[in-house]
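**Student:** Protein chains in written order, with this note's numbering: chain L, 106 to 513; chain P, 52 to 119. From the three backbone atoms N, C-alpha and C, an ideal C-beta is built for every residue, glycine too.
#1: Classify residue 64 of chain P as helix, strand or coil using the three-state DSSP reduction.
#2: Taking C-beta pairs closer than 8 Å, name the residues in chain P that residue 385 of chain L reaches, listed in chain order.
#3: Which residues in chain L have a C-beta closer than 9 Å to the C-beta of residue 87 of chain P? List them in chain order.
#4: Which of the three DSSP states is assigned to residue 334 of chain L in this structure?
#5: Between the segment 220-243 of chain L and chain P, which residues of the former have a C-beta closer than 7 Å to a C-beta of the latter?
#6: Within 10 Å of its beta-carbon, does residue 71 of chain P have 16 or more other beta-carbons around it, so buried, or fewer, so exposed?
#7: Using a Cβ-Cβ cut-off of less than 9 Å, list which residues of the segment 144-170 of chain L approach chain P; keep chain order.
#8: Given a limit of 8 Å on CB to CB distance, which residues of the segment 442-464 of chain L reach chain P?
#9: I'd like to know whether the C-beta atoms of residue 260 of chain L and residue 242 of chain L end up nearer to each other than 8 Å.
#10: Within 8 Å, do at least three Cβ pairs link the segment 396-409 of chain L to the segment 423-430 of chain L?
#11: Scan the segment 206-219 of chain L for residues whose Cβ lies nearer than 8 Å to a Cβ of chain P and list them as they occur along the chain.
#12: What residues of chain L sit near residue 65 of chain P, judged by a beta carbon separation below 8 Å?
#13: I'd like to confirm the pairing. Which residues does DSSP put opposite residue 509 of chain L in its beta bridges?
#14: If you run the structure through DSSP and keep just helix, strand and coil, what is residue 181 of chain L?
#15: Listed in chain order, which residues of the segment 85-111 of chain P have Cβ atoms closer than 9 Å to some Cβ of chain L?
#16: How about residue 201 of chain L and residue 347 of chain L: are their beta carbons less than 8 Å apart?
#17: Does residue 115 of chain P get closer than 8 Å to chain L when you measure Cβ to Cβ?
#18: Any idea if residue 120 of chain L is buried or exposed, counting beta-carbon neighbours within 10 angstroms, 16 or more meaning buried?
#19: Indicate whether at least one CB of chain L lies closer than 8 Å to the CB of residue 55 of chain P.
#20: Distance check for residue 381 of chain L and residue 475 of chain L, CA to CA, integer angstroms please.
#21: With a threshold of 8 Å on Cβ separation, who are the neighbours of residue 281 of chain L within its own chain once the five nearest residues in sequence on each side are excluded?
#22: Suppose you measure from the CA of residue 78 of chain P to the CA of residue 308 of chain L; what does that come to, to the nearest Å?
#23: By the 10 Å Cβ neighbour count, where 16 or more other Cβ atoms means buried, how is residue 258 of chain L classified, buried or exposed?
#24: Any C-beta of chain L sitting closer than 8 Å to the C-beta of residue 79 of chain P?
#25: Can you list, in chain order, the residues of its chain whose CB lies under 7 Å from that of residue 313 of chain L, leaving out five sequence neighbours each side?
#26: Of the choices L/503, L/470, L/513, L/481, whose alpha-carbon is the least far from that of residue 232 of chain L?
#27: I need the boundaries of the beta strand (DSSP E) containing residue 162 of chain L, first residue and last residue.
#28: Pull up the distance between the alpha-carbon of residue 166 of chain L and that of residue 316 of chain L, whole angstroms please.
#29: At which residues does the beta strand (DSSP E) containing residue 313 of chain L begin and terminate?
#30: Need the endpoints of the beta strand (DSSP E) that residue 56 of chain P sits in, please.
#31: Over the uninterrupted beta strand (DSSP E) stretch that includes residue 401 of chain L, give me the two end residues.
#32: Whole-angstrom Cβ separation of residue 168 of chain L and residue 411 of chain L, contact assumed at under 8 Å?
#33: Could you list which residues in chain L have their beta carbon closer than 9 Å to that of residue 82 of chain P, in chain order?
#34: Here's the rule I'm using: 16 or more other beta-carbon atoms within 10 Å means buried, otherwise exposed. How should residue 110 of chain P be labelled?
#35: Where does residue 107 of chain L fall in DSSP's three states?
#36: On the DSSP letters alone, give me the boundaries of the beta strand (DSSP E) that residue 86 of chain P sits inside.
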């Protein structure tokens with residue numbers, strides 16, 4: 106079924122009328138404002154099901170999300186995106202697509218380059234990137250902050266880490282769009298993005314073998330796998346694929362949502378300008394309230410989650426964003442409280458698949474918000490423009506027109 | 052105030068590093084970014100609030116705080 110060419114031309118999804126029994130995270134209503142939908146689903150059951158996507162569950166409470174995230178026996182990570190089709194698994198991206206016991210060694214290799222100390226060394230470059238970007242539009246008094254600012258910060262930071270030209274970032278953005286957005290419904294777009302990306306990195310891999318450096322690609326080539334053997338090219342390519350796909354539109358989204366909130370909430374903006382030491386706490390709250398990343402699992406064996414039976418063969422839409430809005434876990438869950446003290450949010454996942462780049466994302470958000478507020482303390486949404494949101498697995502503003510300076 | 056002692060459960064810690072960010076005096080990270088309590092986990096006087104802050108922000112509930 107999944108290999109048939111017709112899978113590439115699936116029809117658009119019919120609009121949802123019954124969210125509880127027929128949810129669809131690619132529906133425009135969800136894309137625009139998912140929060141009331143999650144409340145409806147949570148009120149109905151800790152786990153809901155849709156026949157769409159060849160059968161898919163969604164845990165709606167923090168507790169149910171946590172149970173699934175911790176249960177690697179019944180839930181596999183071999184597919185991490187809920188899509189219309191389930192093609193043969195070809196392009197792996199370890200460790201995100203790995204289950205135990207392969208997961209741990211694959212993750213151990215990636216952890217040291219992403220510790221908070223390693224991120225401190227990268228911080229000056231990120232600060233410079235932010236200011237180079239702001240220089241380009243600050244005199245205009247307006248900009249699309251998603252297209253001119255938040256998008257480029259993670260792209261250039263990752264490129265810098267990998268030791269590849271920062272200007273190649275536009276390619277990365279194209280591949281990510283093909284894989285994460287168009288790829289949900291269009292197999293050809295997905296495969297074309299994966300192919301181009303693989304070719305690009307293969308060339309860099311070969312070049313690093315000849316001239317090793319201090320960059321992350323060279324580090325991965327030097328790393329030893331579980332048996333003390335070097336990682337295979339396929340493994341290194343998979344991990345590079347992961348860093349690119351997971352490291353860019355996620356942070357782009359989290360940053361965009363944070364600026365969107367500050368653009369429309371003058372009290373919070375003024376407080377952070379006056380009290381910059383509160384920025385790290387506020388960022389945790391933005392991560393909770395506007396978590397960008399929804400993951401997926403595949404049910405391997407029948408089990409029960411929060412009292413609800415789940416059957417093998419279905420996918421699971423593992424919505425950390427919905428978990429983070431659960432009022433049973435967070436008082437005033439639907440309010441953004443920038444000085445929230447207790448905040449066990451799950452924006453970077455829970456359990457063994459905790460985002461390997463969480464320290465990078467936090468550093469980028471911290472620096473990008475600090476530098477923006479220093480230079481553009483007063484800004485607001487442009488009433489003549491429209492904020493648009495990405496569809497599917499990673500949610501954040503893709504158009505964010507704001508006014509500042511002479512227009513503020 | 053009674054003396055506090057902290058301990059990071061190594062089976063639960065997944066390296067979110069929230070504790071290190073909130074209470075750098077009380078936690079250290081290994082080369083993989085996983086957290087450990089500093090020394091024997093005794094919380095110096097004056098840092099009790101930070102110990103509780105770290106405990107209540109750990110997504111994996113990996114930090115134990117005990118009163119001695």
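**Tutor:** The short version:
#1: Residue numbering aside, residue 64 of chain P sits at position 13 when the second chain is read from its first letter. Reduced to three states, the DSSP call for residue 64 of chain P is coil.
#2: Numbered from 1 along the first chain, position 280 holds the residue referred to as residue 385 of chain L. The answer, in chain order, is 72.
#3: Position 36 of the second chain, counted from the start, is the residue given in the question as residue 87 of chain P. Result: empty, since nearest Cβ-Cβ is about 13 Å, beyond 9 Å.
#4: Walking along the first chain from the start, residue 334 of chain L turns up at place 229. Reduced to three states, the DSSP call for residue 334 of chain L is coil.
#5: 220, 221
#6: The count along the second chain starts at 1 and reaches residue 71 of chain P at position 20. The residue is buried, with at least 16 neighbouring Cβ atoms inside 10 Å.
#7: none
#8: 446, 447, 448, 449, 450, 451, 453, 455, 456, 457, 459, 463, 464
#9: Within the first chain, numbered from 1, the residue matching residue 260 of chain L stands at position 155. Within the first chain, numbered from 1, the residue matching residue 242 of chain L stands at position 137. No, they are not a contact pair.
#10: yes
#11: 213, 216, 217, 219
#12: By 1-based counting over the second chain, the position of residue 65 of chain P is 14. The answer, in chain order, is 455, 456, 457, 459.
#13: Residue mapping note: residue 509 of chain L aligns to position 404 of the first chain, counting from 1. Answer is L/484.
#14: Residue mapping note: residue 181 of chain L aligns to position 76 of the first chain, counting from 1. Strand at residue 181 of chain L.
#15: 85, 104, 107, 108, 109, 110, 111
#16: By 1-based counting over the first chain, the position of residue 201 of chain L is 96. By 1-based counting over the first chain, the position of residue 347 of chain L is 242. In this structure, residue 347 of chain L lies closer than 8 Å to residue 201 of chain L by Cβ.
#17: Looking up residue 115 of chain P in the second chain gives position 64. No, its Cβ sits nowhere closer than 8 Å to a Cβ of chain L.
#18: In the first chain, residue 120 of chain L corresponds to position 15, counting from 1. Burial call: exposed.
#19: Walking along the second chain from the start, residue 55 of chain P turns up at place 4. Not closer than 8 Å to any Cβ of chain L, the Cβ of residue 55 of chain P fails to qualify, so no.
#20: What you label residue 475 of chain L is simply residue 370 of the first chain in a count that begins at 1. What you label residue 381 of chain L is simply residue 276 of the first chain in a count that begins at 1. For residue 475 of chain L and residue 381 of chain L, the distance between alpha carbons rounds to 7 Å.
#21: Here residue 281 of chain L refers to the residue found at position 176 when the first chain is read from its first residue. Taken in chain order, the residues that qualify are 298, 349, 350, 353, 354.
#22: One-based indexing of the second chain puts residue 78 of chain P at position 27. One-based indexing of the first chain puts residue 308 of chain L at position 203. So the two alpha carbons sit approximately 41 Å from each other.
#23: Reading the first chain from its first residue, position 153 is the one you call residue 258 of chain L. Buried is the call here.
#24: Translated into positions along the second chain, residue 79 of chain P becomes position 28. It does not: the Cβ of residue 79 of chain P has no partner Cβ on chain L nearer than 8 Å.
#25: If you number the first chain from 1, residue 313 of chain L lands on position 208. Correct list, in chain order: 322, 323, 326.
#26: For this step, residue 232 of chain L is matched to residue 127 along the first chain. Checked all of L/503, L/470, L/513, L/481; the closest Cα to residue 232 of chain L is L/470.
#27: The residue given as residue 162 of chain L occupies position 57 in the first chain. Residue 162 of chain L -> beta strand (DSSP E) spans 161-164.
#28: The residue given as residue 166 of chain L occupies position 61 in the first chain. The residue given as residue 316 of chain L occupies position 211 in the first chain. When rounded, the distance between both Cα atoms is 50 Å.
#29: Looking up residue 313 of chain L in the first chain gives position 208. Counting along the chain, residue 313 of chain L falls outside any beta strand (DSSP E), though it belongs to the alpha helix (DSSP H) covering 292-315.
#30: If you number the second chain from 1, residue 56 of chain P lands on position 5. Segment 55-59, the beta strand (DSSP E) holding residue 56 of chain P.
#31: On the first chain, position 296 is the one that residue 401 of chain L refers to. Run containing residue 401 of chain L: 399-404, per the beta strand (DSSP E) assignment.
#32: Counting from 1 along the first chain, the entry for residue 168 of chain L is found at position 63. Counting from 1 along the first chain, the entry for residue 411 of chain L is found at position 306. Confirmed, about 6 Å.
#33: Indexing the second chain from 1 puts residue 82 of chain P at position 31. Chain L residues near residue 82 of chain P: 216, 217, 220.
#34: Locating residue 110 of chain P in the second chain gives position 59, where the first residue counts as 1. Buried, because 16 or more other Cβ atoms sit within 10 Å of the Cβ of residue 110 of chain P.
#35: In the first chain, counting from the first residue as 1, residue 107 of chain L sits at position 2. Reliability of the predicted coordinates at residue 107 of chain L is poor, the pLDDT of 35 falling under 50, and the value obtained from them is presented with this limitation in mind. Correct three-state label for residue 107 of chain L: coil.
#36: Taking the first residue of the second chain as position 1, residue 86 of chain P is located at position 35. Run containing residue 86 of chain P: 86-88, per the beta strand (DSSP E) assignment.
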